[in-house]
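Since the structure comes first, as structure tokens, the remarks are kept for the end.
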Amino acid sequence: MRLHPRAHRGIGALSPSADPLPPAWIVVGREDARIVAVRLDAHGGQLSRTSIPSEELASLIADEDAGTRWVWHDTPAWYPQLLAAGVRVARVHDLRLCHAILRDSATVVDDGGLRAATEWDAAAVVEPAPAALFELDAGAAGPPDDIASALAEFARQRAALDAADDRGRLRLLLAAESAGALIAVEMRTAGLPWDPAEHDRLLSEFLGTRPAAGGMPVRMQQLADEVRAELGDPAASLDSQPKLLRALHRVGILAESTSRWELVRYEHPVIEPLIQYKRLARLYAANGWGWLAEWVHGGRFRPVYVPAGVVTGRWASSGGGALQIPRQLRPAVCADPGWALVVADVAQLEPRVLAAMSGDAALARAARGQDLYAGIVDSGAVPTRAEAKVAILGAMYGATTGDSGRLLPALRRTYPRAMALVDDAARVGEQGGVVSTWLGRTSPTTSAGWRDTQAAAAEPDASGADEARARRRAADRGRFTRNFVVQGTAAEWALVWLADLRTRLAAMDPVDEDRGAPASGPVFSTRPHLAFFLHDEIIVHTPLARADEVAEAVRDAAASAARLLFGRFPVDFPLDLRIAQTAAKD
DNA sequence: GGCCGATGCGCG
DNA sequence: AAAGCGCGCATCGGCC
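Letter by letter, the first sequence follows residues 5 to 590 in this note's numbering.
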């Protein structure tokens, strides 16, 4: 694949201060059995129109300037085939994802008909699972893929953007969101390098030897026997919550649920082995040998990432529990021979984002350096690091009681601007309003049920129960909007970090074929590539020879993200970064 | 035999 | 009702 020298400009080209429009847009869509590509000028005027057979799209894109932004209806519907053909796409505008942002954004004052174009509210196209290939409804439909619909929707989106209060921020968000759509497909294609032998070894270590035929692993079986002995019931069911609860009651443990946090409060010899058993049973069921056989093939774990799958803009995943891999299994994430992993996460991303977006200089000062919580202790707001942590989490989540609630007044005195930002967001939510992130992603409006509840409580004949219920639901919504602005802005920071890094990685020199990692596919087998992303953490799989350069790029990208979002506001986003063979924390 | 809500727990 | 946000998945048990 050839890389254009201008590729390194990446999303920086869409930063508010840089040139406002990319050099060219090409909208692609289907027409009959062919693909039509329409080249637009900076004002949306049509410069040319090309009709090609489907199989020629890859070469059309490969031959085009890397600065071109491709506009298409839905990235998962187009991109996997291109990557399989060896073609990387530098920049896109994903109409489906951008539609959702613009549709909901409170900063868009005149939507130009965009909100009425409901066919664009569809879920993403998903490839059918192998087992479902022969079913009639295989795969979700997705938004319209014809060229006329794409052109019309793109025109609406440009008009909506032009009428937005803060075009620079929204434009950055749309660019980053679209880059995320590419990255999600790229990470699935390249896969997360996963060593099945190490996974098997870890399972045997934790669970005990795997029995030949069915049956429970040895260590699990021993714990189960121990628990049943303590319960005095050799046939006790440990996996059915109601049955287990009754068995516990019979030996005098009058817990109301079987969850760990409640069990630990009881003194009884059954508690320890039971909790241990539950831990192992969880690992066995969620990420045991069955998971390994189903999800790891050819040394790669390939989950489906769902960009913006969470209302706040965070990513979700579908299949394989990609975002819930237990830390215990991290050592199984293992670079190919001759390759390394660059593993990086941002320490305390959300409070740092809160400091920046609220312009709270005192909190930003506490955030200088590696440990924000230590900085808070140094400021004298609270005595210990543990208290700083629960206080900050409580502020962002809306705690009202307990240790966390008790510490909030001190936090309000020391960080009034940061606290005012989250308190305001909560108040708006309680009153039924919407809130927006730093770049303009806006929270959902109230549901009909929520409004009915509030209306019922306002009636003259409302009961005390009606009022209590309305207050509770208002408070619930307040905690949601309080957290939305912080979680959502943190997701934007991470997305910009990721997008910027992607561009830097693509600009690096590839290594020779014989040092490649073929399982990563034609585009990524000879160059560093993103392999994993989890809210505030990334893993890059890289040829050993590029590892230091990648680490540098990861840091530079974080600095870029901070600058693109918050300009010169002095807040640190320190990375915990390591170059290693495995993703295990040392 | 499939659907669905509740429960519990993994991740940030 | 884990005080305090956002998810996905496995399992169970009630239901049609």
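C-beta: ideal position from N, C-alpha, C; glycine also.
Nothing here was measured: the structure is a model prediction, and the numbers come from that model.
A344, enclosing beta strand (DSSP E) - first and last residue: W343 to V350
Looking only at its chain, what residues have a beta carbon closer than 8 angstroms to the beta carbon of L165, apart from the 5 residues adjacent to it on each side? L106, V112, R171, L174, R175 and L178
Neighbour-count burial assignment, Q85, 16 or more Cβ in a 10 Å radius: exposed
Nearest-angstrom Cα distance between L415 and A180? 33 angstroms
Only counting runs of 3 or more residues, tell me where the beta strand (DSSP E) segments fall wholly within the segment 299-339, in order along the chain. 308-310 and 320-322
I want to know whether the segment 152-162 touches the segment 254-272 - three or more CB-CB distances under 8 angstroms. no
Using three-state DSSP, classify D580 as helix, strand or coil. strand
CA-to-CA distance, V500 to L18, given in whole angstroms: Note that L18 scores a pLDDT of 41, beneath 50, so its modelled location is shaky; the value from the coordinates is reported in the next line. Answer to the nearest angstrom: the Cα atoms are 11 angstroms apart.
Rounded straight-line distance, which links the Cα of W319 to that of P80: 15 angstroms
Sorted by chain position, which residues of the same chain lie with C-beta nearer than 7 angstroms to P330's C-beta, five sequence neighbours on each side aside? L287 and N291
Use the C-beta contact count for Q458: other C-beta atoms within 10 angstroms, 16 or more gives buried, fewer gives exposed. buried
Give the secondary structure of Q458 by DSSP, where H, G and I count as helix, E and B as strand, and everything else as coil. helix
What is the DSSP secondary structure of T262, reduced to helix, strand or coil? coil
Bridge partners - I187, DSSP secondary structure assignment: I187 is not bridged to any residue.
Does any heavy atom of the ligand HEM sit closer than 7 angstroms to the C-beta of L411? Summarising the ligand content, the structure contains no ligands, and the ligand HEM is consequently not present.
Cα-Cα separation between Q352 and A378, rounded to whole angstroms: 11 angstroms
Terminal residues of the continuous alpha helix (DSSP H) containing L425? P420 to E434
Just grab the DSSP bridge partners of A168 for me. V112
Under the three-state DSSP convention, the category A587 falls into: coil
Tell me which residues share the same chain as A588 and place their Cβ nearer than 6 angstroms to its Cβ, disregarding the 5 neighbours each side in the sequence. R334 and P335
For T449, three-class secondary structure by DSSP: coil
Nearest-angstrom Cα distance between R95 and A163? 21 angstroms
As assigned by DSSP and simplified to three states, the class of H535: The identity of residue 535 in the sequence shown is Ala, whereas the question assumes His. A535: strand per DSSP, three-state reduction.
Buried or exposed for W82, going by 16 or more other Cβ atoms inside 10 Å? buried
What did DSSP end up calling W198 once you bin it into helix, strand or coil? strand
Between the CA atoms of A368 and F570 - distance to the nearest angstrom: 12 angstroms
Helix, strand or coil for P221? Go by DSSP, reduced to three states. coil
What separation, rounded to the nearest whole angstrom, lies between the Cα atoms of S244 and D204? 27 angstroms
Is the Cβ-Cβ distance between F488 and S451 less than 8 angstroms? no
Just to confirm, are T193 and L87 a CB contact at a threshold of 8 angstroms? yes
Terminal residues of the alpha helix (DSSP H) in which D552 lies: A551 to F570
What is the residue span of the beta strand (DSSP E) that L242 lies within? L242 -> no beta strand (DSSP E), and no H or E assigned at all.
Nearest-angstrom Cα distance between G436 and R455? 8 angstroms
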